[in-house]
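Protein chains in written order, with the numbering used here: chain V, 1370 to 1537; chain D, 1370 to 1537.
Note that beta-carbon positions come from the ideal geometry of N, C-alpha and C, so glycine has one too.
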């Protein structure tokens, strides 16, 4: 039996997108397990609420449209509330139902775009690196952004997990 | 100017190892910023202490030696305390100084092994997947383990960040 596989760009894209999708699924599962009351709580005393972190993760995923050159983002208004300002800024939040709807819309639209991309497109430059820097650091491509965003999402999911009741 | 880069296995490896290394560096920076008293605290009420999570992350990284077939692990004794049992199991922990020493030893030794690996070796099977499954799912290779471990480390670093004093 031949167990040698071609080391192809598509294999590598699959590795990264599988990891990204897994974090989205874990977030979905956590959101399904939490009541609105739990989601509104601080993740730890004096720390960000679950609602703020949900809005933050939605905004960061939404920003991928422009960063990766995939078109207009769906909810640019989230940045002022959930990225440029901290949790208790006094800014009005969308309702939890709206935030969950945005979260799903954004991830569905991203997944749709990702499905249509050719593997080689993932290794092109994204919009936050200069052409000069990209020549020197070609690993800082579009797919690399998905790796860093996946880790970022894991970071905040670790915090949001504290919204669940502790295991006795 | 030609901005086309070869999409090579070595480029993939660099993307993933850069992400892994960044999480280790962030952990190092957090450890340097925390006093022993802070590290011994719970990350949130009723949750894992910083000491437990440091031991947990050290154990999970140490397990990479066997999982990736890179030789014997340095501190197998960590698993019983920090992986197989929860924080308040009553088991005696190594001292914080010892844990920090192990953490550095493990990561230095892993980095040394990683540096000596050829890119293609990263796309081989690891020791927790059967040959049969690997034929069907070749994306579950050694490099993929580093992606999942990097996200796992980000998850717990998000929690350990709560050991720092909150921003007023």
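Using a Cβ-Cβ cutoff of less than 7 angstroms, which residues in the same chain neighbour residue i once the five nearest sequence positions on both sides are dropped?
i, result
"residue 1434/V", "1440, 1441, 1442"
"residue 1392/V", "1519, 1522, 1523, 1526"
"residue 1497/V", "1436"
"residue 1478/V", "1443"
"residue 1462/V", "1420, 1424, 1450"
"residue 1504/D", "none"
"residue 1469/V", "1400"
"residue 1474/V", "1443"
Let me make sure I understand the geometry here. Which of the options has the alpha-carbon closest to that of residue i?
i, options, result
"residue 1421/V", "1505/V, 1536/V, 1528/V", "1528/V"
"residue 1525/D", "1375/D, 1400/D, 1381/D, 1376/D", "1400/D"
"residue 1427/D", "1418/D, 1448/D, 1503/D, 1515/D", "1448/D"
"residue 1531/D", "1461/D, 1403/D, 1381/D, 1450/D", "1403/D"
"residue 1398/V", "1423/V, 1516/V, 1492/V", "1423/V"
"residue 1472/V", "1375/V, 1492/V, 1445/V", "1445/V"
"residue 1380/V", "1517/D, 1507/D, 1481/D, 1452/D", "1507/D"
"residue 1511/V", "1396/V, 1504/V, 1495/V, 1500/V", "1495/V"
"residue 1517/V", "1375/D, 1389/D, 1376/D", "1389/D"
"residue 1493/V", "1438/V, 1376/V, 1474/V, 1429/V", "1438/V"
"residue 1376/V", "1536/D, 1500/D, 1487/D", "1487/D"
"residue 1476/D", "1500/D, 1430/D, 1536/D, 1412/D", "1430/D"
Which word fits residue i, buried or exposed, when buried means at least 16 other C-beta atoms lie within 10 angstroms of its C-beta?
i, result
"residue 1385/D", "buried"
"residue 1534/V", "exposed"
"residue 1514/D", "buried"
"residue 1502/D", "exposed"
"residue 1432/D", "buried"
"residue 1394/D", "exposed"
"residue 1482/D", "exposed"
"residue 1500/D", "exposed"
"residue 1412/V", "buried"
Identify, in the order they occur along the chain, each residue of the same chain with its Cβ nearer than 8 angstroms to the Cβ of residue i, setting aside the five sequence neighbours on each side.
i, result
"residue 1489/D", "1378"
"residue 1485/D", "none"
"residue 1460/D", "1449, 1450, 1454"
"residue 1370/V", "Any reading at residue 1370/V must be qualified, since the residue scores a pLDDT of 36, below 50, and its modelled position is unreliable; the value itself is stated next. Cβ within range, chain order: n/a, list empty."
Among the residues of its own chain, which have a CB less than 6 angstroms from the CB of residue i, if the five just before and after it don't count?
i, result
"residue 1509/D", "1498"
"residue 1491/V", "1382, 1511, 1512"
"residue 1452/D", "1428"
Quiz item: Three or more beta-carbon pairs under 8 angstroms between the stretch 1390-1410 of chain D and the stretch 1394-1413 of chain V, yes or no?
Solution: no
Exercise. Would you check if there are 3 or more beta carbon pairs closer than 8 angstroms linking the stretch 1455-1467 of chain D to the stretch 1412-1420 of chain D?
Key: yes
Practice problem: Counting only runs of 4+ residues fully inside the stretch 1435-1484 of chain V, write out the alpha helix (DSSP H) ranges in chain order. | Solution: 1447-1451
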